[in-house]
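Trainee: Taking our numbering, the leading residue of the sequence shown gets 14, the next gets one more, and so forth.
The beta carbon of each residue, even a glycine, is placed where N, CA and C say it ideally should be.
All figures in this text were calculated on a predicted structure; none of them were measured in a lab.
Shown below is the structure under consideration.
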Amino acid sequence: MSNASDASELAIEQAHLTMLYGHLDTLREEASTQLQRALLQTGGTPADRSHRDSATALYTDRLAQYTAVENGLCFGRLDFDRSDATDRGQAGSDEDGKAGSPGDPGGGPDGGAAKNTEVRYIGRIGIFDEDNDYEPLLIDWRAPASRPFYLATAAAPEGVRRRRHIRTEQRTVTGVDDEVLDLDEAHHTGRGAHDGVAGEAALLSALNASRTGRMKDIVETIQAEQDHVIRGDLNGVLVVQGGPGTGKTAVALHRAAYLLYTHRQMLSSRVVLIVGPNPTFLRYISQVLPSLAETGVLLGTMGDLFPGVVAHADEPATITEIKGRAEMVDVLAAAVQDRQRVPDEPIAIRLDILDGAPVMLDPEVIADARERARRSGKLHNLARPVFDTEIIHALSLLVADTIGIDPYADDPLGGDDAPGDPQILDEADLAEIRRELRGEAEVLGALDWLWPILTPQQLVAGLFASEIRLTAAGAPLELRRSARAAWTPADVPLLDEAAELLGEDETIREIIAERQRKRQIAYAEGALEIAFGSRSIDVEDEDDPELLSVTDLLEADRLADRQDEGSALTPAERAAADRKWAFGHVIVDEAQELSPMAWRLLMRRCPSRSMTVVGDVAQTGDLGGAASWASALDPYVPGRWRLRELTVNYRTPTEIMAVAAGVLAGIDPDLEPPRSVREAGVDPWVRGVAPARLPDALAEAATTEAVEAGDGRLGIILPAGTFADLVPAVLKVLPDAAVGDEPELAAKVVVLTVKQAKGLEFDGVIVVDPDRIVEESPRGANDLYVALTRATQRLGVLHPGVLPESLLAVVGI
């Protein structure tokens with residue numbers, strides 16, 4: 014590794030970078046021009062309007078991509094021996110690349126290298142020289158030709174003589190770092206060949222940089238084991254197991270960008286779904302994919318996956334665990350059947366057709382109708398018409414027996430036969446009775462009570478609100494809660510399961526859509542009338558038939574079409590609103606926390622089983638989470654999922670990992686902690702105080718560590734049970750500290766629980782009362798392991814005189 018930041022080298026790279034930005038500006042200007050043209054198009058055939066919408070979406074996305082790659086456009090360079098590169102076919106390009114569009118591959122120019130050297134520049138997108146036979150000027154980091162930048166070593170150089178990392182700030186080159194991978198050249202030049210982590214200087218610079226409260230991409234420093242995961246095959250379930258700091262989340266996000274680049278035609282329309290543990294985490298990772306020029310991805314938590322429901326409320330961990338059990342499938346099925354009622358006694362239904370006289374509907378008749386509806390094989394809501402038909406038919410016979418019918422009378426329904434007289438019924442007569450019965454209020458009320466049309470929300474909320482219904486469904490009574498209680502993330506898989514059991518009546522949806530359409534047309538007609546009425550009265554010869562008005566040029570239904578917001582939605586927006594959307598690929602972060610019911614939902618959302626599952630079973634904190642990947646996945650893809658492990662810890666320095674390793678050994682002695690690549694040079698501190706002094710001691714420690722963090726971020730991780738008691742002490746000395754259900758991670762000091770801290774990282778961390786953290790949950794040791802591994806530089810442990818056994822040996826007590 015050598016630093017080659019002399020003036021001549023910087024000048025060469027600056028010239029190339031300036032040229033690249035010139036092309037980027039041209040691409041941005043062309044996209045802006047095309048977007049303006051598309052927006053100015055009006056009217057036309059439906060095909061014309063569809064083309065306009067597609068063009069608008071295309072150029073809007075391109076502009077967003079060009080803006081996203083403004084910083085760090087070019088970050089690397091590969092120097093190949095020309096003959097070796099030619100032999101290997103390294104200069105090839107992607108078959109689906111298109112000139113000037115993000116994601117295009119390419120080769121590289123010769124500038125700044127010896128005559129026998131081929132040079133390729135690596136960056137965030139591909140750029141071609143359209144005036145020079147589409148000469149590739151910059152290779153997209155995802156293109157096959159860029160892969161040696163991440164994989165080449167001195168032992169296996171893949172034809173690379175030199176790998177250069179280019180450091181930039183805005184549009185200026187600030188430095189370069191070279192790795193000479195040719196052993197002979199390294200010997201003659203005195204520059205050592207490197208066979209450890211790729212781009213060590215760039216990597217360590219990124220790892221030691223202060224955190225900002227938002228995750229940054231690692232496109233410049235992807236390591237070989239990470240690259241193998243990122244470029245893994247699209248098909249099947251890929252499990253990425255890795256301990257703290259191994260870059261699991263970053264790898265998953267870069268994998269999403271790679272898959273979208275490689276399979277854009279399919280995934281851009283079917284959408285990639287990324288599921289995170291909580292909204293705070295999603296905000297933390299929100300800038301990564303845009304910085305990689307990818308915007309068409311749907312990010313959400315489990316609480317976001319049932320359209321129309323926001324489910325972010327908290328509840329006891331024991332209740333969450335019960336809701337996540339696989340047995341809840343049978344509970345919900347029983348709850349549906351429980352709503353298909355058969356009373357113990359006959360029910361009286363007063364009918365207008367009988368002048369308010371009642372008829373008695375026997376339980377046997379209702380039971381028979383229920384059985385016929387169930388045997389139809391239709392889902393609950395869709396079977397309701399079958400049930401209605403049976404009940405209405407039975408009621409029509411009761412009515413006929415009550416009023417008597419003379420089929421030969423002029424008015425059959427007003428015949429003079431006595432009730433109970435033998436009847437010779439004509440089908441037309443009974444059909445008329447059934448028609449009238451379907452409009453009877455008491456009949457409709459009885460049908461709704463016996464076999465109600467239910468929404469998933471009504472079924473689940475009604476179940477939890479009633480001990481009687483819970484008992485009938487075989488559900489634990491601990492689930493009892495108010496019918497108005499807020500939804501929690503654990504409710505979402507239950508709602509989704511309920512939707513599958515109930516079925517959706519498309520007729521109702523079509524009626525709603527038609528009503529919306531009529532409202533849009535009525536609004537458009539009103540707008541056209543206003544436009545026609547406001548025309549100038551000064552126009553001469555108003556009655557001239559040659560004079561056109563707006564109503565001559567535009568009909569109301571066409572105007573309504575142009576106001577249809579649904580057609581303008583992106584695929585990701587449509588997917589978010591459609592519970593039945595089948596995603597092209599699903600990425601799950603902190604996947605070890607998912608319950609069996611949550612897995613059932615996700616598998617339903619991804620019938621192709623194309624998934625990337627990211628997590629660490631040693632960090633499982635939820636009671637219903639996975640003890641192993643086999644237990645989570647084998648029910649759906651038995652033996653057909655593949656495992657990749659990340660073993661290098663880039664975030665957590667050696668000194669901190671030594672403390673966390675003791676906790677990991679207590680969780681499972683067979684688990685190996687990931688190997689840290691660096692030392693922080695600062696030993697963690699452990700400080701005991703009297704319980705009464707804990708708030709004051711925390712305030713003092715927080716003040717000190719906030720200063721030590723410099724421009725970075727300090728995370729304070731508290732036990733959930735003492736969170737409310739200890740937060741005021743922090744806010745008293747650090748009033749700008751972020752705290753709450755969704756704290757702002759960009760704040761210099763953030764106060765969180767362990768659950769909120771999952772997946773996050775800070776320059777410094779204070780873990781308070783680790784014994785309480787362990788005691789709060791049956792998986793408290795896992796929670797403590799998570800808390801101790803959030804820091805990139807400094808770690809402090811503050812405790813009220815008691816430490817977990819797993820930490821005693823580490824601190825020498």
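Kindly indicate which three-state DSSP category R622 falls into: helix, strand or coil?
Mentor: coil
Trainee: In its own chain, which residues sit with a C-beta less than 8 Å from the C-beta of R618, not counting the 5 before and 5 after it?
Mentor: L286, L318, W594, A595, F596, V599
Trainee: For A454, does the three-state DSSP call read helix, strand or coil?
Mentor: Correct three-state label for A454: helix.
Trainee: Could you spell out the range, first to last residue, of the beta strand (DSSP E) harbouring D153?
Mentor: 148–153
Trainee: What distance in whole Å lies between the Cβ atoms of V252 and T767, which are believed to be in contact at a cut-off of 8 Å?
Mentor: Looking at the sequence provided, one finds Val at residue 767 rather than Thr. No, V767 and V252 are not in contact; Cβ-Cβ is about 23 Å, not under 8 Å.
Trainee: Where does S389 sit, in a helix, a strand or coil, going by DSSP?
Mentor: Of the three classes helix, strand and coil, the one that applies to S389 here is coil, per DSSP.
Trainee: Sorted by chain position, which residues of the same chain lie with C-beta nearer than 8 Å to L614's C-beta, five sequence neighbours on each side aside?
Mentor: M315, L318, V505, P506, D509, E510
Trainee: I'd like the list of long-range same chain contacts for E233, defined as Cβ closer than 8 Å, with 5 residues on each side in sequence excluded.
Mentor: G85, F88, G89, H178, G212, A215, A219
Trainee: What does the Cβ neighbour count give for D92, buried or exposed, with the cut at 16 atoms within 10 Å?
Mentor: buried
Trainee: What separation, rounded to the nearest whole angstrom, lies between the Cα atoms of L411 and W500?
Mentor: 45 Å
Trainee: Are P666 and T805 closer than 9 Å when you measure CB to CB?
Mentor: yes
Trainee: Within a Cβ cutoff of 6 Å, which residues of the same chain sit near P620, ignoring the five residues on either side of it in sequence?
Mentor: For P620, where only same-chain residues beyond five positions count, the Cβ hits under 6 Å are A595.
Trainee: Taking the alpha-carbon positions, what's the A760 to A488 distance?
Mentor: 44 Å
Trainee: The beta strand (DSSP E) spanning G809 covers which residue range?
Mentor: 804–812
Trainee: Going by beta carbon distance, what residues of the same chain come within less than 8 Å of G793, once the five residues before and after it are set aside?
Mentor: I786, V787
Trainee: Buried or exposed for A486, please, with buried defined as at least 16 other CB atoms from any protein chain shown within 10 angstroms of its CB.
Mentor: The residue is buried, with at least 16 neighbouring Cβ atoms inside 10 Å.
Trainee: Taking the alpha carbon of E586 as the reference point, which residue from L467, S281, Q254, Q47 has its own alpha carbon closest?
Mentor: S281
Trainee: For the candidate residues L659, M610, A678, whose alpha-carbon lies nearest to that of L646?
Mentor: Comparing C-alpha distances from L646 to each of L659, M610, A678 shows the shortest one belongs to M610.
Trainee: Going by C-alpha distance, which of S299, I243, P290 is nearest L272?
Mentor: Ranking S299, I243, P290 by Cα distance to L272 puts I243 first.
Trainee: With three or more C-beta pairs closer than 8 Å as the rule, is the segment 383–396 touching the segment 448–460?
Mentor: no
Trainee: Can you name the start and end residues of the beta strand (DSSP E) that Y134 belongs to?
Mentor: 130–136
Trainee: Between the C-alpha atoms of D738 and P292, what's the straight-line distance to the nearest angstrom?
Mentor: 24 Å
Trainee: With DSSP as the reference, identify every bridge partner of S689, one or two as the case may be.
Mentor: N662
Trainee: D696 and A265 look like a contact to me (Cβ under 8 Å); what is the Cβ gap, rounded to whole Å?
Mentor: Wrong, their Cβ atoms sit about 32 Å apart, outside the cutoff.
Trainee: Jot down the residue ranges of each uninterrupted alpha helix (DSSP H) in the segment 288–323, minimum 4 residues, whole runs only, in chain order.
Mentor: 292–298, 301–304
Trainee: Per DSSP, which one or two residues make a beta bridge with T181?
Mentor: V186
Trainee: Thinking C-alpha only, which one of A693, A714, T415, N662 is nearest G258?
Mentor: When each option's Cα is compared against that of G258, the closest is N662.
Trainee: Can you pull the DSSP bridge partners for F141?
Mentor: P149
Trainee: Can you tell me whether G753 is buried or exposed, with buried defined as 16 or more other CB within 10 angstroms of its CB?
Mentor: exposed
Trainee: Roughly how many angstroms lie between the CA atoms of G309 and D66, to the nearest whole one?
Mentor: 16 Å
Trainee: In its own chain, which residues sit with a C-beta less than 6 Å from the C-beta of E692, not counting the 5 before and 5 after it?
Mentor: P666, T667
Trainee: Beta-carbon within less than 8 Å of A640's beta-carbon, same chain only, minus the 5 sequence neighbours each way: which residues are those?
Mentor: V630, T633
Trainee: So, G675 versus S819, is the Cβ gap smaller than 9 Å?
Mentor: In this structure, G675 sits near S819, with a CB-CB distance shorter than 9 Å.
Trainee: With 16 other CB atoms within 10 Å as the buried threshold, where does P817 fall?
Mentor: buried
Trainee: Using three-state DSSP, classify E403 as helix, strand or coil.
Mentor: helix
Trainee: So, using beta-carbon positions, are K6 and Q300 closer together than 9 Å?
Mentor: Because the chain in this structure spans residues 14 to 826, residue 6 falls outside the shown range and cannot be described.
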